[in-house]
Amino acid sequence: MSDLRVVIIGGGLGGLALAQGLHQGGVRVAVYEKDPTPDFRNQGYRIRINPDGIIALQAVLTPQAFEVFAATAGNPGSRMDVFDHHLNLVHAQELPQAAGLPGGGNLAVNRRTLRQILLSGLERCVYYGAEFTGYTTEASGAVTAHFADGTSATGDILVGADGVNSATRRQYLPQAQVVDARLRLIYGKLPLAGDEIGARIPPELLGLWTTVLGPDKRFVGLAPVRFRAPMAQATARLAPDMQLGDESDYLACVFGARRELFPCTDSELFAMKGGDLRALTLSLVQGWDPRLVEMVADQDPASIFPVSVRTSVPMPRWETTAVTLLGDAIHVMSPAIGVGANTALRDAQVLAGRLTEAAGGRPLAQALHAYEEEMLGYGFDAVRESAARGHRLVGQDLLPSIKG
Ligand SMILES: Cc1cc2nc3c(=O)[nH]c(=O)nc-3n(C[C@H](O)[C@H](O)[C@H](O)COP(=O)(O)OP(=O)(O)OC[C@H]3O[C@@H](n4cnc5c(N)ncnc54)[C@H](O)[C@@H]3O)c2cc1C
């Protein structure tokens with residue numbers, strides 16, 4: 012174990028992946044997460060993991076945990092078709108296959124399962140119920156993180172992996188902008204397994220991701236998660252010590268539209284619960300193909316929640332210090348191309364690599380500078396590409412021009 016101490020704020024996908032990578036590299040790490048428990052809140056369902064994400068997970072996880080990840084992920088193929096609201100195919104797209112990667116480089120994973128895999132082996136260095144409120148820099152150059160309960164933790168490096176509302180970013184880079192893309196989503200799921208609902212869904216809508224586009228660029232996105240084996244079976248075979256919660260096959264279903272197309276205010280929308288959100292979605296897809304309307308109606312009310320799409324605005328480079336950022340905390344993006352989590356995982360892989368080099372003697376400032384140079388390049392490219400596609404396809408706002 013090296014002397015370098017890394018403090019990570021946020022135990023989401025990015026923060027946990029970084030902790031895994033550092034743990035494998037023999038670097039001392041502690042993760043502070045504000046949620047009281049790993050399953051505290053609804054964090055969404057299906058995540059597409061692309062080749063960047065798969066390669067990052069392969070780098071940060073133990074070989075055994077990576078095998079569990081690959082064995083529990085769904086393998087939805089590579090079709091990303093677009094239909095109109097009468098279910099006529101308007102655009103067929105097949106993503107390229109990445110040879111040598113599980114699922115040809117496209118996997119559909121359950122977010123909760125991935126978080127459980129990312130947590131395995133880290134139980135003793137992840138602290139829940141620790142809400143970060145700010146940091147101070149010591150005369151020695153070390154950084155102390157302060158928490159709402161009055162406790163603190165000191166490290167040589169502080170990594171803000173605390174998501175879109177990052178308190179770390181707000182203190183460190185107050186000039187960074189996160190803007191409303193004027194798109195609202197209503198996200199839910201319906202069962203695919205052991206139920207007649209699954210049998211009624213047209214198979215052509217069960218590709219990797221299907222967009223059904225209606226009037227005013229309203230849309231419904233559909234994405235199946237079909238597990239290849241029950242969790243307990245996969246862990247018993249590959250990692251008997253790992254505990255994964257049971258999950259059944261489902262179809263993630265997301266309705267989206269521009270803010271002004273909703274007949275309610277944001278506060279009303281975000282106060283609504285499952286049944287009302289489903290009724291609202293049904294009112295916004297009236298007249299669409301009855302099979303699609305039925306799928307919206309079949310969503311489990313308890314699974315439905317609203318999301319506001321926000322995006323960071325790419326910003327000029329800042330000076331490297333002992334505080335850095337990762338994932339949505341620095342480059343939150345529209346989900347239009349589905350790469351936010353993949354980019355956070357890539358950050359974790361790159362930063363774990365640079366910090367492991369620093370633990371082995373590379374000057375720390377140089378290692379962090381190298382991470383930030385690389386991360387800001389691909390991270391802000393992904394922000395721009397996501398915003399451009401979100402604008403073209405579903406009418407989200409264009410990115411504002413960069414303010415000084
Ligand atoms: C509906 C939807 C679908 C998506 N689908 C995809 C997809 O298919 N593929 C994809 O690549 N991306 C997808 N994304 C994007 C993806 O979810 C995010 O980019 C990803 O979760 C970012 O990971 P992160 O670790 O940076 O942040 P998060 O996962 O948000 O984690 C941040 C963590 O920090 C914690 N935290 C926050 N504040 C504090 C504090 N003050 N103190 C301590 N802890 C704190 C939070 O509780 C949280 O656990 C989707 C997003 C949405 C909304």
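Quick note on numbering: the sequence shown equals residues 12 to 415 in our numbering.
Cβ coordinates follow ideal geometry from the N, Cα and C atoms, glycine included.
Helix, strand or coil for residue i per DSSP?
i: I168; result: strand
i: K414; result: For K414, the pLDDT reaches just 45, beneath the cut-off of 50, and the residue's location in the model is therefore unreliable, although a value from the coordinates is still provided. Three-state result, K414: coil.
i: K200; result: strand
i: E44; result: strand
i: I20; result: strand
i: N121; result: strand
i: S294; result: helix
i: A347; result: helix
i: L404; result: helix
i: T179; result: helix
i: H102; result: strand
i: P113; result: helix
i: F77; result: helix
i: R373; result: coil
i: A156; result: strand
i: A84; result: coil
i: D14; result: coil
i: D227; result: helix
i: L255; result: coil
i: L194; result: strand
i: R357; result: helix
Note the first and the last residue of the continuous alpha helix (DSSP H) segment covering residue i.
i: R248; result: M242 to L249
i: G145; result: Run containing G145: none in the alpha helix (DSSP H); it sits in the beta strand (DSSP E), F143 to T148.
i: P62; result: P62 to V71
i: H342; result: D339 to H342
i: G232; result: No alpha helix (DSSP H) contains G232, which is instead part of the beta strand (DSSP E) from F230 to V236.
i: L303; result: P301 to A308
i: I208; result: E207 to R211
Below 9 Å between beta carbons: does that hold for residue i and residue j?
i: F316; j: R195; result: no
i: G55; j: Y261; result: no
i: P226; j: D311; result: no
i: I128; j: L72; result: yes
i: F230; j: L404; result: yes
i: L11; j: H96; result: Nothing about residue 11 can be reported from this structure: the residues present for the chain run from 12 to 415 only.
i: R16; j: A153; result: yes
i: F143; j: T179; result: yes
i: P346; j: R395; result: no
i: D167; j: V320; result: no
i: A109; j: Y43; result: no
i: G85; j: A119; result: yes
i: T236; j: E258; result: First, the amino acid is wrong: residue 236 is Val here, not Thr. Cβ distance < 9 Å, so V236 and E258 count as in contact.
Tell me the residue span of the beta strand (DSSP E) that contains residue i.
i: Y139; result: V137 to Y139
i: P38; result: According to the sequence as given, residue 38 is Val; it is not Pro. Premise fails: V38 is in no beta strand (DSSP E) and is neither H nor E.
i: P317; result: F316 to S323
i: D95; result: V93 to D95
i: L336; result: V334 to L336
Just list the alpha helix (DSSP H) runs in the segment 258-283, keeping only unbroken ones of 4 residues or longer that don't cross its boundaries, in chain order. Every alpha helix (DSSP H) stretch that sits fully inside the segment 258-283 and reaches 4 residues is listed by chain position as 277-282.
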